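Following: one structure in structure tokens, then a few remarks.
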Amino acid sequence: MSRTLPAPAETDPHPASQVRRGASPSSLRIVKDRGQAKGSRSSQGANPSRAWLRPARLALFYASLFAAWWIVAARQIWPPYLLPSPVDVGIFLRESLADGTLIPAVLTSAARVSVGYGVALVGGTVLGLALARSRLLDETLGSAVVGLQSLPSICWFPLALIWFNLSEKAVLFVIVMGSLFAITLAVRAGVRQIPPLTLRAARMLGAGSGLRLWQHVLLPAILPAFLSGMRQGWAFAWRSLMAAELLSQSLKIGIGHLLSNGRDLNDMSMVLGMIFVILALGLLVDRLLFFPVERAVARRWGVEGA
Amino acid sequence: MAIALHGVGVSFGPVEAARDISLAIPSGEFVSLLGPSGCGKSTLLSVVAGLETASQGSVTVTGQAGMVFQEAALFPWRTLIGNVAFGLEMRGDRRLSKSERLARAADALRLVHLSRFADSYPHQLSGGMRQRAALARALVLDPDILLMDEPFGALDAQTRSLLQAELLTIWERTRKTVLFVTHSLDEALFLSDRIVLLSARPGRVVGDYWIDAPRPRDPRTDAALAALRSRLLAQLSHEIETVARAEHDTDWHAETDAPRVPPPPPVLENVGADI
Chain A
16 MSRTLPAPAE TDPHPASQVR RGASPSSLRI VKDRGQAKGS RSSQGANPSR
66 AWLRPARLAL FYASLFAAWW IVAARQIWPP YLLPSPVDVG IFLRESLADG
116 TLIPAVLTSA ARVSVGYGVA LVGGTVLGLA LARSRLLDET LGSAVVGLQS
166 LPSICWFPLA LIWFNLSEKA VLFVIVMGSL FAITLAVRAG VRQIPPLTLR
216 AARMLGAGSG LRLWQHVLLP AILPAFLSGM RQGWAFAWRS LMAAELLSQS
266 LKIGIGHLLS NGRDLNDMSM VLGMIFVILA LGLLVDRLLF FPVERAVARR
316 WGVEGA
Chain B
1039 MAIALHGVGV SFGPVEAARD ISLAIPSGEF VSLLGPSGCG KSTLLSVVAG
1089 LETASQGSVT VTGQAGMVFQ EAALFPWRTL IGNVAFGLEM RGDRRLSKSE
1139 RLARAADALR LVHLSRFADS YPHQLSGGMR QRAALARALV LDPDILLMDE
1189 PFGALDAQTR SLLQAELLTI WERTRKTVLF VTHSLDEALF LSDRIVLLSA
1239 RPGRVVGDYW IDAPRPRDPR TDAALAALRS RLLAQLSHEI ETVARAEHDT
1289 DWHAETDAPR VPPPPPVLEN VGADI
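Protein chains in written order, with this note's numbering: chain A, 16 to 321; chain B, 1039 to 1313.
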């Protein structure tokens, strides 16, 4: 702040309040730094205006996207079986809710991803901690984990089909392989990023090196990294499940199957509707479950990306 | 003796950090380890703390030691009072109930004038406040020895002199043995009973000075102190030059390439005076 403020009389640490004061030359300079042409108009209560501007912009963007879709569909530039109108998609979603196909499919998929993600979470955490604490393991198994992380999880599906036939186990296997390594790597990175000084301080304060060190220092220290790993793992698990369901027709109907059915029936409203459902569910879990927790912890830990 | 070192040498592989260090520090004494950067003074402190082991010689430490590092290294997931109470929890002192632990932590925070911020998280505080909290975290365990590894090195000048005065007040009240690592001559002069000067790597003891000037000290008004300062400065400059020579090309000469600066005016940021 001080670099642009020649006036020693006004050493206010908050540039925003400087701007609000208006006419002094120093405030003019800051306004210039910020946004060239806007001048002093934007300085009027910069904070409250920012607060609603972003969601408003977002809402406007999506509303226009939706409107464009609606208009293009209404003019029938492409036939409805290629591009149905939003109304058709809405009707499909309402009907599939009413006739009891959507909810059971959602529950089936949710059950699959819960089990798979749960297994990956436990396995990934244990594996990540092991890699972080043992150099031998890290140099051997660790390299394999890094390599396997770059393999798209659906590549495991043919293998799973041969090992487990077309069964719940096969789908589960794909989910676990899809999210296990992301979690493993996040946990490993979390432990490695603990500052050595934190460990020295803990030792000087009597935390020892056993259970108490883990409970009171290591685990809390890796929590932010662990949470972002959990979040990433969730995204991978959800994608893996959808890929697996698209390729496994004869199992109990999940939402990936409904999407695939839409294609088989040449029902574009169904395809688009299911894409929305899959997108919405993935986002919902991320935004309502993982994101708030991750942000709260990052705030408390003071590791927010500013 | 609170701390006794006999012929201590520390090596990390081929790197010899310290050689043949013998030092006896009676309890209650405030001793500064002064030396150029990389002279092994921090390593020596770690050896006394038990965080590193000496390759040669013997180390005897009588009593518990607490340590303050160059960075506060507070635990970001705990409030200040939680950080200060951490050591009490870890020592597993069964006699202390949770409320007693918190009461003691609160006392320690009061000692460093941070009571108001007991419920703040470390990232909400300034560097100086964090460092005071780190001091409270060490003091709450009532250690016999306080090991300080350039604790004020990362702070700005004003904050540093404030904390120096605060440390002195606390030390005068508690009379703990303090082993204080610094590369600032003025800091050492301002604080300590005794200055142990270490050479460039491998660190050896090349000077051991007792200072009996009354506190608060100011070389501008105390002629004896000013004389000691120039003596120490000459010796320290020699060691710093040795380090510099090792880090420059062979055609570098301190006299010609680094124009000799007149000894810096003995500005000892005398705390409180100009703040």
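Glycine residues also receive a C-beta, built at the ideal position from the N, C-alpha and C atoms.
Predicted, not measured: the structure shown is a model, and the values here were computed from it.
- In the three-state reduction of the DSSP assignment, Met-257(A) falls in the helix class.
- When CB distances to chain A are screened at a threshold of 9 Å, not a single residue of the region 1041 to 1067 of chain B falls below it.
- Annotation: the continuous alpha helix (DSSP H) that includes Ala-1146(B) extends over 1136 to 1149.
- Less than 8 Å separates the beta-carbon of Phe-107(A) from that of Ser-284(A).
- Nearest C-alpha to Glu-1225(B) among Val-1150(B), Val-1122(B), Arg-1267(B): Arg-1267(B).
- Per DSSP, the continuous alpha helix (DSSP H) segment holding Ser-275(A) begins and ends at 270 to 279.
- Closer than 8 Å to the CB of Glu-1138(B) there is not a single CB belonging to chain A.
- Closest in C-alpha terms to Gly-317(A), from the list Gln-1169(B), Trp-1115(B), Leu-1134(B), Ala-1156(B), comes Trp-1115(B).
- Bridge partners of Phe-1068(B) according to DSSP: Val-1216(B).
- Linking Phe-196(A) to Leu-163(A) through their CA atoms gives a straight-line distance of about 7 Å.
- No Cβ-Cβ contact shorter than 8 Å links Leu-1149(B) with Ala-1156(B).
- Leu-1061(B) is classed as buried because its beta carbon has at least 16 other beta carbons within 10 Å across all chains shown.
- For Thr-1098(B), there is no enclosing alpha helix (DSSP H); the residue is part of the beta strand (DSSP E) that begins and ends at 1094 to 1099.
- Against Ala-222(A), the close residues of chain B are Met-1128, in the order they occur along the chain (beta-carbon pairs closer than 7 Å).
- From the listed residues Gly-1047(B), Leu-1263(B), Arg-1255(B), the smallest Cα separation to Arg-1239(B) is found for Gly-1047(B).
- Under the DSSP assignment, Trp-1248(B) falls in the beta strand (DSSP E) whose first and last residues are 1243 to 1248.
- In this structure Phe-241(A) touches Ala-201(A) by the C-beta definition: roughly 6 Å separates them, less than 8 Å.
- In chain order, Gly-1047, Pro-1240, Arg-1242 place their CB closer than 6 Å to the CB of Arg-1057(B), counting only its own chain and leaving out the 5 sequence neighbours on each side.
- The beta carbon of Leu-142(A) sits closer than 6 Å to the beta carbons of Thr-199 from its chain, once the five residues preceding and following it are set aside; these are given in chain order.
- What Arg-218(A) touches in chain B, judged by beta-carbon distance under 8 Å, is Leu-1089, going in chain order.
- Trp-253(A) is positioned such that its CB atom lies closer than 8 Å to that of Val-128(A).
- Under the Cβ criterion of 8 Å, Gly-317(A) is counted among the residues facing chain B.
- Ala-1192(B) and Leu-261(A) have their C-alpha atoms some 58 Å from each other.
- Contact annotation for Phe-1107(B) against chain A: Leu-212, Arg-215, Ala-216 [CB-CB distance below 8 Å, chain order].
- Within 9 Å of the CB of Pro-235(A), the CB atoms of chain B belong to Phe-1113, Pro-1114, Trp-1115, Arg-1116, in sequence order along the chain.
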